[in-house]
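Just below is one structure, and these are the notes that go with it.
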Amino acid sequence: MGWSKDTILTTEILKSLLSTKQRDFVYTISVQPHGKYPSVPLGENQPVAVSSDTLSEEELTPFAYYINQLYEVDAFLQSLIEALESFGEPTVLVLYGDHLPAISVAQEQMTQGDLLQTEYVIWDNLGLTQKDQDLEAYQLSSAILETLGISNGLINSFHQNFKDNPRYQEYLELLEYDMLYGEQAVFGSAGGYLPSDMQMGVAPLELERCYLLGDTLYVFGDRFTPYSRICIGQNPVDTEYISANALKATDFSLEEGDAITVAQIGEDGIALSETEKIIFSFLSRPG
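Counting in the numbering used here, the sequence shown runs from 17 upward without gaps.
Next up, the structure:
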């Protein structure tokens with residue numbers, strides 16, 4: 017249905033962990049079991065056979081698809097944990113779902129919990145003491161960080177120190193308002209958080225060279241995607257994706273000394289990351 021299989025995530029998570037020498041915080045969103053689900057069976061040779069005495073064939077088909085996607089998600093989680101076990105760093109892995117599948121489910125069909133609850137699972141290689149507790153979603157990270165002895169961060173510290181205070185919710189709203197809309201008094205003379213220099217992807221886009229062959233501009237580099245656009249000056253031009261290392265354009269205006277870059281541009285037209293520039297010279301044409 018167009019969603020990426022979760023099996024690709026193990027490699028991407030390890031790539032993130034290897035990208036720095038320091039400890040890492042990696043937030044990964046799994047999309048494989050996400051809807052919309054098909055209304056036509058995808059074949060009989062599925063890993064899990066699903067039957068029901070209460071669901072119609074029309075209702076059973078998307079549900080069976082969802083169950084088989086979960087089967088593969090479970091296999092991904094097993095491979096991820098095995099990879100983390102052999103990775104050699106102290107690790108805490110937290111798993112939870114943020115909503116029920118896009119299949120009509122009524123409260124009376126729930127055998128446990130309700131439509132607004134989800135279970136979370138914690139795996140670690142630190143020997144942490146297991147502690148089951150009911151939490152709001154916004155309290156989970158602070159509860160885990162407290163177990164690890166990490167208390168920095170205003171919101172994190174607040175949750176850890178005020179969670180048992182009878183005015184906890186009132187104080188939390190005041191703190192959030194001050195940080196977002198108020199005078200930011202909580203920051204003192206230091207001011208609020210500064211913008212971060214961010215990029216799309218763990219490793220940056222790279223532009224290595226470009227050539228003009230006839231009326232076609234070829235650019236070569238690394239980590240290009242179908243959303244990569246060749247930019248002349250600050251203007252993106254129609255770009256054809258060849259591979260992760262090559263792009264080309266045929267409809268453009270190019271002059272001596274123009275700056276050429278490659279940018280990741282989404283459907284909203286906003287550039288999420290951009291390469292270093294190359295200054296074009298007609299003397300650089302091959303031959």
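Even glycine gets a Cβ: it sits at the ideal position worked out from N, Cα and C.
Identity of the residue in the options nearest residue i by Cα
i, options, result
"Ala287", "Lys293, Ala279 and Ile294", "Ala279"
"Glu283", "Asp267, Asp254 and Tyr243", "Tyr243"
"Asn251", "Leu270, Asp238, Val64 and Pro182", "Leu270"
"Trp19", "Val89, Ser173 and Pro106", "Val89"
"Leu221", "Ser289, Glu186, Leu100 and Ala118", "Ser289"
"Asp22", "Ala262, Ser72 and Asn84", "Asn84"
"Tyr81", "Glu60, Gly198 and Glu101", "Glu60"
"Asp274", "Gly285, Leu228 and Asp194", "Leu228"
"Phe298", "Ile281, Gly285 and Cys226", "Cys226"
"Thr36", "Tyr184, Glu105, Phe236 and Gly113", "Glu105"
"Leu144", "Leu223, Ala159, Leu132 and Leu196", "Ala159"
"Ser157", "Glu101, Val110, Asp69 and Ala206", "Val110"
Own chain, CB closer than 6 angstroms to residue i, minus 5 neighbours either side, in chain order
i, result
"Lys31", "Val218"
"Gln155", "His175"
"Asp267", "Asp254"
"Asp140", "Val108"
Residue(s) in a DSSP beta bridge with residue i
i, result
"Leu223", "Gly237"
"Leu58", "For Leu58, which the question treats as bridged, DSSP gives no partner whatsoever."
"Gln280", "Ser244 and Ser289"
"Leu305", "A query on residue 305 cannot be resolved here, the shown segment of the chain reaching from 17 to 303 and no further."
"Lys264", "Tyr234 and Glu256"
"Asn251", "Ile248"
"Ile295", "Ala275"
"Leu170", "Paired residues: none, contrary to the question."
Nearest-angstrom Cα separation, counted from residue j out to residue i
i, j, result
"Gln94", "Leu76", "27 angstroms"
"Leu188", "Glu152", "13 angstroms"
"Tyr234", "Ile258", "10 angstroms"
"Asp231", "Cys247", "16 angstroms"
"Gln146", "Val137", "10 angstroms"
"Pro302", "Gln38", "Confidence at Pro302 is low in this model, with a pLDDT of 48, below 50, so the placement of that residue should be treated as unreliable; the coordinate-derived value is given next. Whole-angstrom Cα-Cα distance: 44 angstroms."
"Leu170", "Glu28", "30 angstroms"
"Ser67", "Val121", "17 angstroms"
"Met216", "Thr291", "11 angstroms"
"Leu33", "Leu116", "29 angstroms"
"Val42", "Glu256", "32 angstroms"
"Leu164", "Pro63", "39 angstroms"
"Lys293", "Asp213", "18 angstroms"
"Tyr53", "Gly198", "44 angstroms"
"Glu272", "Asn168", "52 angstroms"
"Leu100", "Asp69", "41 angstroms"
"Gln128", "Lys179", "26 angstroms"
Chain-order list of residues whose beta-carbon lies under 8 angstroms from that of residue i (same chain, five-residue window excluded)
i, result
"Val260", "One detail in the question is off: residue 260 reads as Ala in this sequence, not Val. Around Ala260: Asp238, Arg239, Phe240 and Thr241."
"Leu25", "Thr44, Ser46, Phe92 and Leu96"
"Leu191", "Leu170, Ile171, Phe174 and Val202"
"Ser130", "Looking at the sequence itself, residue 130 is Asp, so the reference to Ser does not match. Contacts found: Gln123."
Same chain, Cβ closer than 7 angstroms to residue i, neighbours up to 5 away in sequence not counted
i, result
"Leu86", "Pro49"
"Phe79", "Val66, Leu71 and Ile119"
"Glu162", "Gln176"
"Lys264", "Thr232, Leu233, Tyr234, Glu256 and Ile258"
Proximity test, residue i beta-carbon vs the ligand COA heavy atom, cut-off 8 angstroms
i, result
"Ile45", "The ligand COA is absent from the structure shown, which contains no ligands of any kind."
>> Report the start-end ranges of each beta strand (DSSP E) in the stretch 65 to 147 that is 3 residues or longer and not cut off at the edges.
In response: 108 to 112 and 136 to 140
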